[in-house]
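Going by the numbering used here, 882 is the number at position 127 of the sequence shown; the sequence numbering is gapless. By construction, the Cβ of each residue, glycine as well, lies at the ideal position given by its N, Cα and C atoms.
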Amino acid sequence: MLQLTDLAKLHHAGTPRGMTSVCSAHPLVLRAALQHGRDTASSVLIEATCNQVNHLGGYTGMRPADFADLVFELAQQERCPSEQIMLGGDHLGPNPWRNLPATEAMGQACEMVSAYVRAGFTKLHLDASMGCAGEPAALNDEATARRAAQLALSAEAAARAIGGAAPLYVIGTEVPPPGGADHALDRITPTSASAAQATFQTHQKVFKEEGLSQMLDRIVGLVVQPGVEFGNHNIVVYDAAKANPLTNSLGCFEGLVFEAHSTDYQGERPLSELVRDGFPILKVGPELTFVLREALYALDLIASDLLPEYSDRQLARTMERVMQDAPENWERHYTGRPAQQRLMRHYSLSDRIRYYWARPKAQAAVARLLEALQGQIVPLPLMWQHMPRAAHAAGKALKPEKILIDRIRENLSTYHAACTPGAMTTQIKELTP
């Protein structure tokens, strides 16, 4: 089974392989990832972000141990062997507390990193690039590396305390905004080779000065910008030629690969090219919850047309109310007239509706929808109208939750094909019992 430590060796040997990093806390996305790993006997890398999961609960209400328990409980239910699963922490640093003075924010960040390690997370992206109260918005390499070293010291101490596996690290911070950009994009400039080298060399120097020489061999990845991004409305697709200066520099980084963030919506060819060019860790999140929302809304329309007792677009109407009642997760990101904002609340590629699925009213609405459709016979023309990808499920007892999971797995199969040279994209053609 492919390990993170294999990626650099394989790339530098001219036989690149990739690994999908699923960045989501939605149980159906996690089930899809675990089923996919089970059925393909491949590694399942699942990551949580500092805002999503932290020692204070994050926006999901989960601490790192809670998230780990959820993943392994679902893995047991889906019969995915635990040895195939790796847990990672993304953007671990002071970002959730950047409104506080740096000393306080970093204190919280160190507690969070320790909690991740104690919960069994073994891949840690150290990201201390953002300024805290009274500081510039972005820090220079030296200051960033000093704070990353502080985080690493906490991680190493926590690993020793529990006698756990020594963590693997990813460094570097030149990444797209989490969850995508807020505006339409024309182009994205890849990280320069000199900037990537400066970041790595500065971290090496500072880590040695801080007594962390023993962890340098466990830095497996460097986060850079390959020139990919998605905004609310559009996608910037990977252009290998524009990234050439950066990808040609990878030979200078012994034992490392690049890590690509925001690879959502790229498609199989660009993803395959990213793996080929030294970006074998492909992070995806909003795309998976976008297709989940797409499938849920399709089922909502089917139920509206099929069942007289199911009110028109019950789920979509509920989600609109839930988002309007708590606008803090979308209002800074969606501008324009009210009609434009409403469109983005439901259909933006940044998929900020994903912040709301765990709310009680949203969960209740989804449960009502799935219960209403469970076992129903959907005529083929109605399925063609609203969900042609699931036409195979027409005319027989419907299993709506499985349709949702299968839709997510279709996208995961695209990533699997890109990460596995010679693999063909798996299209899920029929529901199994």
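Can you tell me the Cα-Cα spacing of Y871 and G889, whole angstroms? Distance from the CA atom of Y871 to the CA atom of G889, rounded to whole angstroms, is 28 Å.
How big is the Cα-Cα spacing for F1255 and V979? Here the chain covers residues 756 to 1188 and nothing more, so residue 1255 does not appear.
Considering only the alpha carbon of each residue, which of L1011, R1107, L967, D882 lies closest to G986? Measuring from the Cα of G986, the nearest candidate turns out to be R1107.
Going by DSSP, which residues form a beta bridge with Y924? The partner list for Y924 (beta bridge, DSSP) reads L879, I974.
Per DSSP, which residues does L783 bridge with? Please list them. Note: L783 sits in no beta bridge, so no partner.
Among the residues of its own chain, which have a CB less than 6 Å from the CB of Q790, if the five just before and after it don't count? Listed in chain order, the non-local C-beta contacts of Q790 below 6 Å within the same chain comprise E833, local neighbours out to five positions each way being set aside.
Helix or strand or just coil, what does DSSP make of L1037? If DSSP states are grouped into helix, strand and coil, L1037 belongs with the strands.
Any heavy atom of the ligand COA closer than 8 Å to the CB of I1158? With respect to the ligand COA, the structure shown offers nothing to examine, as it has no ligands at all.
To the nearest angstrom, how far is the alpha carbon of L881 from that of D1067? Their Cα atoms are separated by approximately 46 Å.
According to DSSP, residues forming a beta bridge with G843: Bridge partners of G843: E802, K878.
Contact belief for I1036 with E1014 at Cβ below 8 Å, rounded distance in angstroms: With a Cβ gap of about 4 Å, I1036 and E1014 count as contacting.
Check for me: the beta strand (DSSP E) holding S776 runs from which residue to which? For S776, the uninterrupted beta strand (DSSP E) run begins and ends at 774-778, by DSSP.
Tell me the DSSP secondary structure of I1132 in three-state form. Strand, per DSSP.
Which term fits K1038, buried or exposed, when burial requires 16 or more other beta carbons within 10 angstroms of its beta carbon? That one is buried.
Is it buried or exposed, G769, if we count other Cβ atoms within 10 angstroms and call 16 or more buried? It counts as exposed.
Among V925, Q1118, M867, E866, which one has its Cα closest to the Cα of K878? Of V925, Q1118, M867, E866, the smallest CA-CA separation from K878 is found for V925.
Rounded Cβ spacing between L906 and V868 (contact assumed at less than 8 Å): Yes, they are in contact, since the Cβ atoms of L906 and V868 sit about 5 Å apart, within 8 Å.
8 Å CB neighbourhood of E1075 in its chain, flanking five on each side removed: Within the same chain, R1097, R1100, H1101 come within 8 Å of E1075 by CB-CB distance, once the 5 residues on both sides are set aside.
For the region 1044-1059 and the region 1136-1150, state whether three or more C-beta atom pairs, one from each stretch, are separated by less than 8 Å. Taking a cut-off of 8 Å on C-beta distances, the region 1044-1059 touches the region 1136-1150, as three or more cross pairs fall below it.
Whole-angstrom Cβ separation of V1012 and A763, contact assumed at under 8 Å? Yes, V1012 and A763 are in contact; Cβ-Cβ is about 5 Å, under 8 Å.
Inter-residue spacing [alpha-carbon to alpha-carbon] between A874 and H810: Near 10 Å, if we compare the C-alpha coordinates of H810 and A874.
Going along the chain, which unbroken runs of the alpha helix (DSSP H) with 4 or more residues stay wholly within the region 980-1035? As for any alpha helix (DSSP H) of minimum length 4 sitting wholly inside the region 980-1035, the runs are 995-1003, 1023-1031, ordered along the chain.
Give the secondary structure of A1113 by DSSP, where H, G and I count as helix, E and B as strand, and everything else as coil. Three-state DSSP puts A1113 in coil, outside helix and strand.
Buried/exposed call for T804, threshold 16 Cβ in 10 Å: When all chains shown are included, T804 counts as buried.
Please name the residue, chosen from N854, A950, C778, A1117, that lies closest to T1002 on a Cα-to-Cα basis. Among N854, A950, C778, A1117, the Cα nearest to that of T1002 is on A950.
Can the beta-carbon of F876 be found closer than 9 Å to that of P922? For F876 and P922, yes; Cβs fall inside 9 Å.
Cut-off 8 Å between Cβ atoms - residues of its own chain near L757, not counting five sequence neighbours on either side: The answer, listed in chain order, is R772, M774, S797, S798.
Beta strand (DSSP E) runs contained entirely in the region 1136-1183, provided each spans 3 or more residues: Annotation: the region 1136-1183 contains no complete segment of the beta strand (DSSP E) (minimum length 3 residues).
Is the beta carbon of A903 less than 9 Å from the beta carbon of V975? For A903 and V975, no; Cβs fall outside 9 Å.
Just to check my reading of the structure: A787 and I1163 have Cβ atoms closer than 8 Å, yes? What is that Cβ distance to the nearest angstrom? Between A787 and I1163, the beta carbon gap of about 4 Å places them in contact (Cβ cut-off 8 Å).
Along the alpha helix (DSSP H) that carries L855, what are the first and last residues, could you check? No alpha helix (DSSP H) holds L855; DSSP gives it neither H nor E.
Using beta-carbon positions only, say whether L977 and T954 come within less than 9 Å of one another. In this structure, T954 lies closer than 9 Å to L977 by Cβ.
Buried or exposed: where does D1080 fall if 16 or more other Cβ atoms within 10 Å of its Cβ makes it buried? Using a 10 angstroms sphere on the CB of D1080, the tally of other CB atoms stays under 16, which defines it as exposed.
Give every residue of the same chain whose Cβ lies closer than 8 Å to the Cβ of P1041, excluding the five residues on either side of it in the sequence, and list them in chain order. Cβ neighbours of P1041 beyond the five flanking positions: G934, G935, F985, D1019, L1104, S1105, D1106, R1109.
Count the other C-beta atoms from every protein chain shown that fall within 10 angstroms of the C-beta of E1028, then say buried if there are 16 or more, exposed otherwise. With 16 or more neighbouring CB atoms inside 10 Å of its own CB, E1028 falls in the buried class.
Unbroken alpha helix (DSSP H) run spanning L765, endpoints: Looking at the DSSP string, the run of the alpha helix (DSSP H) that includes L765 is 762-767.
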